[in-house]
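Quick notes on the structure that follows.
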Amino acid sequence: MRMLRPRSLILTACLLVSSIFLINPPHTVMAQSSEVATAKQDLVQALQAIQTAEQQGASNSDILPLTAQLNTALQYEGNADTFDRQGNATLAQRYAIQSINISTQVSYQAQSLGNTAQTSTLYRTTLSYVLAVLLALLSAVLVLETDRIRRLLRRRRLLKARIDYGGNEYAS
Amino acid sequence: MEEMNTHRRLALFLILFVSLTAIFSSVTFYAMSAKPSQSFIGFGVYSPRGLQGYNPNSNLTVSTGQALNWSFAVTNRMNRAEFVMIIARIGNSSTPTPNATTPSTTLPELGRMERFINDGATSRINFTWTIVSSNQNSGLVYLNVSINGQSSISSAPVGTKPGGYFRLIFELWTFDPVSGSFQYGYPAQTSQVGSWLQVWFKAS
């Protein structure tokens, strides 16, 4: 029993130390409000939405306004972070919400742009390959039927030609 | 005889059609594929008065309280929008510099600037800095530097002998969506490519 006492003391000490961490988590987590953390996450999500839209074929000119909006959201998030560190929770929350609103809008617009771009890319690709097959078909027919086409054209030209009876020179 | 001729013509037509379809489809595929390009991010630091501190023995002298309005131009050619961060650090003539793979994380960080940059775009990021004060300790001069109006940060443990050279070091970091954190440099085909700049100056 006497041997167990120091061990149990160490165990109790360990539990006490770990409970301090449970009660008081790391400073960075405590210092950052949930809105500021959400604003950061939403910025990243908006960036990912933009990158997905680009992969789906959205053009640079379409993406440009979204990037500009995202920079505004980043500015608001920066302000929220600064006020949060200064302990001004009201302003921090206000800026964080503004940032979240913009980031959400950007994400939504990027998704919409991506879907539109994907549809038009699919349409363009299908049309291009259909045209390629049609062109191949036409070329194959042209190569095989050249003689027949030439004969047909000659016959049509012959049918359209005027018949010259040669009687005019005697009439005058 | 007539039937055999028809069969031969049909076979010839099929061979021609399949061959031409392969050729035209290949041309279509080539025309529709993205052109190969090497992706990169370039960045430079500029001053309206002309920047002189790129060389170690330059005569850029910054006096206490003087505000220097510089700017970064960051060009994104990564074929996608990027979230870029520039970290400003302070060093002296003997401190280690970043390289193509490793940043100088041991040097004191003065500030960070973040920006989203569209593919193919060049973004201008303002960088205003001031030596707020300096103090001398054990024969070494230490600076208190403020960036973009933020509260000043000490250069300690980086200091120089009076009249010695300091240098501002700028590292380019890009956001990696996979890891969810900023990584030094920008992603290349096989690994990250580190990108950094430095400007030498004397404090007076």
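Each protein sequence line maps, in turn, to chains W and D. My numbering applies: residue 125 is where the first sequence begins, and numbers increase by one. My numbering applies: residue 14 is where the second sequence begins, and numbers increase by one. Note that CB positions come from ideal geometry on N, CA and C, so glycine has one too. None of these values were measured; they are calculated from a predicted model.
Rounded to the nearest angstrom, how far is the Cβ of residue i from that of residue j, given a contact under 8 Å?
i	j	result
D:Asn-139	D:Ser-84	5 Å
D:Glu-127	W:Leu-198	6 Å
D:Gln-196	D:Trp-186	6 Å
W:Ala-264	D:Phe-37	About 11 Å; that fails the 8 Å criterion.
D:Met-45	W:Thr-249	6 Å
W:Asp-186	W:Leu-259	Actually they do not touch by this definition, with Cβ atoms about 31 Å apart.
With a CB to CB cut of under 6 Å and the five nearest residues on each side skipped, what residues in its chain are close to residue i?
i	result
D:Arg-180	Gly-104, Gln-211, Trp-213
W:Ala-220	Glu-159, Val-160, Ala-163, Ala-204
D:Thr-19	none
D:Ser-159	Thr-143, Val-145, Ser-165
D:Asn-161	Thr-141
D:Ser-208	Leu-185, Gly-198
D:Pro-175	Val-154
D:Ser-106	Tyr-178
D:Val-206	Gly-198, Tyr-199
W:Gln-217	Glu-159
W:Gln-210	none
W:Leu-215	Phe-207
Quick check: residue i and residue j, are their CB atoms within less than 9 Å of each other?
i	j	result
D:Ile-99	D:Pro-116	no
D:Gly-124	D:Gln-79	no
D:Val-171	D:Thr-108	yes
W:Val-97	D:Leu-23	What is shown of chain W runs 125 to 296, which leaves residue 97 of chain W out entirely.
D:Phe-183	D:Val-58	yes
D:Arg-102	D:Leu-120	yes
W:Glu-201	W:Leu-251	no
D:Ala-86	D:Ser-136	yes
W:Tyr-253	D:Thr-41	yes
Under 8 Å Cβ to Cβ from residue i, same chain only, skipping five residues before and after it: list those, please.
i	result
D:Asn-157	Ile-144, Val-145, Ser-146, Ser-147, Asn-148, Ser-165, Ile-166, Ser-167, Ser-168
D:Leu-81	Ser-60, Val-75, Thr-141, Trp-142, Thr-143
W:Gln-169	Ser-227, Ser-231
D:Glu-122	Ile-100, Ala-101, Arg-102, Ile-166
W:Ile-287	none
D:Ser-204	Thr-114
Return the chain-ordered list of same chain residues with a C-beta closer than 7 Å to the C-beta of residue i, the five sequence neighbours on each side being excluded.
i	result
W:Ala-213	Ser-157
D:Arg-21	none
D:Ser-39	none
Check whether the segment 158 to 177 of chain D and the segment 186 to 196 of chain D touch, using three or more Cβ-Cβ pairs below 8 Å as the test.
Short answer: they don't touch.
Contact between the segment 84 to 92 of chain D and the segment 47 to 65 of chain D: three or more CB pairs below 8 Å?
yes
Would the segment 191 to 206 of chain W and the segment 150 to 157 of chain D be scored as touching if the rule is three or more Cβ pairs under 8 Å?
no
Hey, is the segment 110 to 125 of chain D in contact with the segment 30 to 49 of chain D, meaning 3+ C-beta pairs nearer than 8 Å?
The segment 110 to 125 of chain D is not in contact with the segment 30 to 49 of chain D.
Please confirm if the segment 219 to 239 of chain W is in contact with the segment 165 to 177 of chain W, defined as three or more CB-CB distances below 8 Å between the two stretches.
Taking 8 Å as the limit for Cβ pairs, the verdict is that the segment 165 to 177 of chain W does touch the segment 219 to 239 of chain W.
Pairs of beta-carbons, one from the segment 119 to 137 of chain D and one from the segment 175 to 185 of chain W, closer than 8 Å: are there three or more?
Yes, they touch.
With a cut-off of 8 Å, do at least 3 Cβ pairs link the segment 264 to 281 of chain W to the segment 217 to 226 of chain W?
no
Report the start-end ranges of each beta strand (DSSP E) in the segment 106 to 187 of chain D that is 3 residues or longer and not cut off at the edges.
Correct list: 122 to 130, 135 to 150, 153 to 160.
Whole beta strand (DSSP E) runs in the segment 81 to 108 of chain D with 3 or more residues, listed along the chain?
95 to 105
Which whole runs of the alpha helix (DSSP H) in the segment 153 to 225 of chain W are 4 residues long or more, in chain order?
158 to 179, 184 to 210
Kindly provide the ranges of any alpha helix (DSSP H) runs that are 4 or more residues long and lie completely inside the segment 235 to 294 of chain W, ordered along the chain.
270 to 284
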